[in-house]
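One structure is given below, encoded as structure tokens.
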Amino acid sequence: MIGSDIPALIPITFLAFAVLIPLLGLWKRHLSYYWAVLGATIATGFSALGFYNYISGSETIRYFFGGWEPPVGIEFVYDGLSGFIVLVINTIALFVLIHSRLIGKREFPGKVTGYYSVAMLLMLGFNGMVLTGDLFNLYVFLEISSLASYALIGIGEKRAPYAAFRYLIIGTVGGSLYLLGVGFLYTVTGTLNIIDMAAMLPEVIGNSAIITALALMVAGIGIKAALFPLHGWLPDSYSYASSTSSALIAPIGTKVAAYVLLRVVLYLFGVDIIDSAIPITDIIGILAGIGILYGSVMAIAQSDLKRMLAYSSVSQIGYIIMGISLANPFGFIGAVLHVLNHALMKACLFLVSGNLRLKEGHTDITKFDDSYRKKYPWTMVAFTTAALSMVGLPPLAGFFSKWYLALGTIENSNWLLLSVILISSLLNAVYFFRILEKVYLRDPESTDEKTGIISSLTTNEVKPSMLWTTSIIAFGILAVGLLNAFIVSAIVTMFPAGL
Amino acid sequence: MVDFVLGHYAYWFTIILLAIGLYGMLIKDNLVKKTIGLSIFQTGVILFFVSIASKWGATVPVKSDEFPVTEVANYMNPLPHTLMLTAIVVGVATLGVAFALLITIYNRYETLNEQELLEKIQ
Amino acid sequence: MELTFVPLYAVLVSLAAVPFILLSSGKPNLREFWTILAGVVKFLLVLTLIPAALEGRTIELTLFEIAPNLPIELRADPFGVYFAIVASGLWIFTSFYSIGYMRGHKEKKQTRYFASFAICLSSTIGIAFSGNLLTFLIFYEMLTIATYPLVIHSENKEAIRAGRKYLAYTLTAGLLLIAAVGITYSLTGTLSFQPGGIFGDVELSNTMAVSLFLLYLGGVGVKAGIMPIHSWLPSAMAAPTPVSALLHAVAVVKSGVFGIIRVVHYVFGPEVMGNFGLNDILMVIAGVTIIVASLLAFAQDNLKRRLAYSTVGHLSYIVLGAAMVTPLGLTGSIMHISAHATMKITLFFCAGAIMVNLHKKNISDLNGIATVMPWTMGAFVIGSMGLAGLPPINGFVSKWFLGAGVLEGDMMLPLIILIISGLLNVGYFFPIIHRAYFKKGGKELEGHTEASPFMVVPIVITATASVIFGLFPDLFFHFFELASGIAETVFNTL
Amino acid sequence: MKKRVASPIVLLGSRLLSPYIMLFGLYVIFHGHYSPGGGFQGGTLLAASLLLIRISSGRRISRIQFSDYLTTPLAVIGVLIYFGTGLTALLAGGYFLDYGQLPIPGLDAPDLRYWGILIIELGIGLTVMAVLVSIFDDMIRGED
Amino acid sequence: MKNFIQFFLIICFTGLLLFAAMDLPYRGEAGNQMNRETSITGTEVPGNYYVQEAYNDAHTNNMVTVVLGDYRSVDTLGEQIVIFTAGMICFLLLRKHEEEEE
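Chains as they are written, first to last, in the numbering used here: chain U, 52 to 550; chain A, 1367 to 1488; chain C, 159 to 652; chain S, 4 to 147; chain P, 750 to 851.
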């Protein structure tokens, strides 16, 4: 009974808590945190249950809202892929929210009620985007999540509102372009349902409106996903936002957008059309390649940890989009696996930067030194794990997505992209080992010149709620790396038609 | 050719609106003007949807006894109208958020001109 | 005794020691006890595999699949066992020696040192027992990372620069290897090592074969120190001497040459190598490396750097043997793995002992030290004689087989290279011995005696081992029998 | 603003207009089934009538009419009306938002849908009104 | 220079939209896909279904209301959430509670 309702229950949970938090916030404000965590826990439980059902052999769930079958009504589609993504994003969000209690007190005091309510709305939007099977409904959820992320970014340093405003302008243009694309598709096909439309598109292929629609949609979603030339909003937004916001939006937001791109390119248009009629994959493949290199190079040039991570996100998104653009099984596996891996790695890294910012008040890499290792040993272990995974060292998770992407490029004989993957791994190594070297080797200012002994430093680790979430995610990186055969065998069942 | 131009006449206006909106967002320095450009851009999209809903010789999609509903050509397509109700609300919400952000920006920097803002941020 | 899980235990035992080492960081004696214990247990575990290896049996253990159709696969075939014996056996000596060296030198962060060391050994044994390229790759990268803390151990500017260089080279190599493995997988659909190669039925274009081979060479060749990409090795001499000894004479570089032999004979196979002229490429590279490295060794005044260049040269002996693609050449090449390991570790131990005891790094300062450190210098003489290829030390045996391989393959050029390089070896070792024995030492030698027994005993043992294995190559570990058996399997499956 | 209270004519005029706008707003909500209209349009008109008083009379007086502490609860209640309707249908065994399954006795499915739509339109109207007023209030106060 | 790029962008965008016009159906023609009886693949065309069945399904004259409130009610819920989000955001960005209780 509950199994078939899961597609609706996940967003409903977030919605319920989003409206309850401000209501209960009038009564006792400091409970907002616990309500938010409770909501995320329940939603994660539903997602886990749903994905468990999928693994143990249940069919794709098509949930017809209002009892109207598509194309008349709107449906939520809970297939393997959307179930997987939903599980990933909700789990990450749960950990980030648990982690956020002290950061909330420090970085946005007096605003927790609104903050957690908007965070719930953000997750509602993301879940809706992933689950929905209707193009216009996707736009609505896209806007919910976008609005929420503008606000969450706007809460932060002094410069945050301006970054958020720029994101708002660019993001709304992205949403509008997507909507215009949907309009063209609707004009030509007369339906809005993805499954329905996917069946019709092969009949009308070659139509200039359809090609334009694809271009507009890719551009619109590309803005949200920070595809290379459209990434301008991302670095400022991530680096000036409060730690929790960037930890929430960076691992989840761009991933969801990349997932939507995957849906549009591989499920709506389909591999056959993409391969034969429209050369869109070549273009986004090249853009992704440039983005990977550009993001990595820019990351090397940054001196602030969060800004560096932001540029690294630009580069990592490139991997996912490159996987989509390959349009072959290995590319697909690589893209989907990298959604999971990168979500884990980026969440871990941003949580670490949150820990540092809470304790040290800054995330300036040039000030990092050996004392950090002494003060925050476990935080630094988590950081090291995530960093090594980003570099792509086996058996951590990051290696395997690179491995499948590399296999994908080899299968297409695309040596250029293969070398891009390899070079960017090296660049990743440069900017992460730079930090690791500082943290583990550089003598701190407080070192006694003569004896070389660091004076009066004791362990000053963050509070358990923050430490455990960071550590568990770091452990997750290792676990996903070792267990990725199971995950991949699940991903294999999610292939779109024609792959 | 004439058919082509006349057949798409509403569409040309859409394009003009979209271009104006884009111009406002890209070229104008004042953040409020950028917001206005954004609004025009969204309106262009809305206009596009509304224009495709029309049918020659059809009436508004409210059932009336003069026109039988079995004959679809009697009524305009209600779907784009519905969608645009939603899109309008989204636009309003976006504007609200944009102005809230502008207020916070103004409180912090006391200017809404992008050039001055960038100088002050440096 | 059921042997199936022995390779796994052998890999895991030193990993299991790491938590103990970390936990007992405050108590040096206990910490070192764990290291020694793990070393001995590991060695004994490897020894139990010898009988099976002598019979030519391969013990296979497939763990969980880490990617679909690509399991973590441990396979103790004779070649792997051979390498594992060398690596794990020498670890015990190095552990003792490390204790003496680290304490004598009052190094800081010794816990990190011993922990990294243990991980390194796990990775090395993992490399030895890898059943397929993916497993190999995983352990190979693990080795890279675990070695990094050792290279930068002294944490001064030079060490950090060396560490960067090391990472730059080895990480690049790892990436090339990923690419190569990926291409291999998409071409053949399998990654398992097989004697005689896995490209049996695959149509390879000439460009593809050559570029794939070059990718592999870039991947494993960096660690093997072949010539254009060797320069991390001399730089990495900034590390403490036991590290140089074990990792740069045994674990890391030997993993490289082990990898090259695996690639040449178990992935490509002799037939493919011959068809596309890949062995010629390899041979030219190896030959150039041998000569140039030997010449460069002359120019070094720093003892460890001279040894490092000597290592570069000798590694290419092994590569050269692999490139001959003849049974005797392969035998000689495999024999040289163990021979060079024992000899070079002796030499590095000596260098370290001199440094700890007399604080001398440069060859020009070594005048007359034989009077102070007779045992150490005696061992040094044995080691350098062996490297020059003089009987009855084990270096002679392996060179003999290399030479025989050359004749078997009817090639003139490698023979000339072997002869010249032998002379060059004599040339750059002789001045050291000359200074130590025949020049008069300065006043600063007064009051110094032999180094601590922790260091001298391992030196003497490894030097003795070199001589013993030179006289009786089949003693204890049946090195010769194993090597020729391996060559047989590789070439029989043709 | 220099004076606390603006011109009495403006205040009177807006007080005169406001109830009619409000009434029209309610009409638009309830008559949405038969003519163009509905929750959003009606809610906006309701908000307009409240905002008219707020603009003309200033904060102190307008609070008497409609306190700014009411906005958030009202908006939440509006969402909850919509949400609760959907959830009721879900709990009654149908799909989420399937008004045909609402447990109201004595009505067949089309009539249930008729009433269901009316209920949700009310919820929407409430939310839109409350949120628009609250945005206005927040902006007037600025960032404090 | 910067302006040049931006104008170029606008021109490209306009060009793309003009390109789309080539195959875009004329406005208001009954033969357009979304106005036809059945779609290309023979499935229901939602626009027609709404016109024909709205009154039968919900006894409401205004088809837009039925589509809004019933057929596509999730959109409308989403829309209500959007406006609610906007309210919460203004609350979050602009208002602050004075005292923080614990």
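For each residue, glycine too, the CB sits at the ideal point set by N, CA and C.
For A:T1452, the closest Cβ of chain U is nearer than 8 angstroms. Collapsing the DSSP output to three states places C:P229 in a strand. Taking 8 angstroms as the threshold, the shortest C-beta distance from S:L20 to chain U does not fall below it. Between P:M783 and chain A, the shortest Cβ-Cβ separation is below 8 angstroms. Around the beta carbon of U:I53, a 10 Å sphere encloses fewer than 16 other beta carbons of the protein chains shown; the residue is thus reported as exposed. Rounded to the nearest whole angstrom, the C-alpha separation of S:G126 and S:P11 is 35 angstroms. In the DSSP assignment, P:T787 forms a beta bridge with P:E793.
Remark: three or more beta-carbon pairs, one from each stretch, lie closer than 8 angstroms, so the segment 530 to 549 of chain C and the segment 616 to 633 of chain C are flagged as touching. The way I'd put it, the segment 241 to 255 of chain C does touch the segment 199 to 206 of chain C; three or more beta-carbon pairs between them come closer than 8 angstroms. Residues of the segment 322 to 345 of chain C that bring their beta carbon within less than 9 angstroms of a beta carbon in chain U comprise R322, L325, A326, L329, T330, G332, L333, L334, I336, A337, V339, G340, I341, Y343, S344 and L345, in sequence order. Excluding sequence positions up to five before and after U:E208, its CB lies within less than 6 angstroms of the CB of Y291, all in the same chain and listed in chain order. Fully contained in the segment 196 to 227 of chain U is no alpha helix (DSSP H) run of length 4 or more.
Using a CB distance cut-off of 8 angstroms, U:E512 does not count as an interface residue toward chain C.
In the DSSP assignment, A:F1407 falls within the alpha helix (DSSP H) that extends over L1397 to I1418. Taking all protein chains in view, the Cβ of U:F419 is crowded by 16 or more other Cβ atoms within 10 Å, so the residue is classified as buried. Using beta-carbon distances, U:V70 counts as an interface residue toward chain S, with a partner under 8 angstroms. Residues of the segment 1415 to 1433 of chain A that bring their beta carbon within less than 9 angstroms of a beta carbon in chain U comprise F1415 and I1418, in sequence order. Per the DSSP secondary-structure output, C:E218 pairs in a beta bridge with C:R233. Just measuring C-alpha positions, the residue of A:K1394, A:I1418, A:F1407 and A:V1435 sitting nearest A:Y1377 is A:I1418. Proximity of chain P to U:M251 at the Cβ level (cut-off 9 angstroms) is accounted for by Q782, S788, I789, T790 and T792, in chain order. In this structure, the CA atom of U:N511 is about 29 angstroms from the CA atom of U:Y362. Checking the DSSP bridge columns, you'll see A:T1425 partnered with A:Y1441. For the segment 1382 to 1406 of chain A, residues whose beta-carbon sits nearer than 7 angstroms to a beta-carbon of chain U comprise M1391, L1397, K1400 and L1404. Here U:N463 carries a coil assignment [DSSP, helix/strand/coil]. With its beta carbon at least 8 angstroms from every one in chain S, A:F1379 lies outside the interface. By the C-beta density criterion, P:F757 is exposed, having fewer than 16 other C-beta atoms within 10 angstroms. Counting along the chain, the unbroken alpha helix (DSSP H) around U:R358 starts and ends at L356 to L377. A Cβ of chain P is located within less than 8 angstroms of the beta carbon of S:T75. Close partners of A:V1455 in chain S (Cβ separation under 9 angstroms): F43 and V131. Close to U:A59, with beta-carbon spacing below 9 angstroms, lies no residue of chain A; the smallest spacing is near 19 angstroms.
The segment 425 to 444 of chain U and the segment 469 to 485 of chain U touch, with three or more beta-carbon pairs separated by less than 8 angstroms. Close CB contacts of U:F115 within its chain, under the 6 angstroms cut and outside five residues either way in sequence, are with G124 and E126 (chain order).
Going by C-alpha positions, U:L478 is about 14 angstroms away from U:G449. With respect to the 8 angstroms criterion, P:L841 and U:I206 are classified as neighbours on the basis of their beta carbons. Using a 10 angstroms sphere on the CB of U:N465, the tally of other CB atoms reaches 16 or more, which defines it as buried.
U:A144 and C:S413 have their C-alpha atoms spaced approximately 43 angstroms apart.
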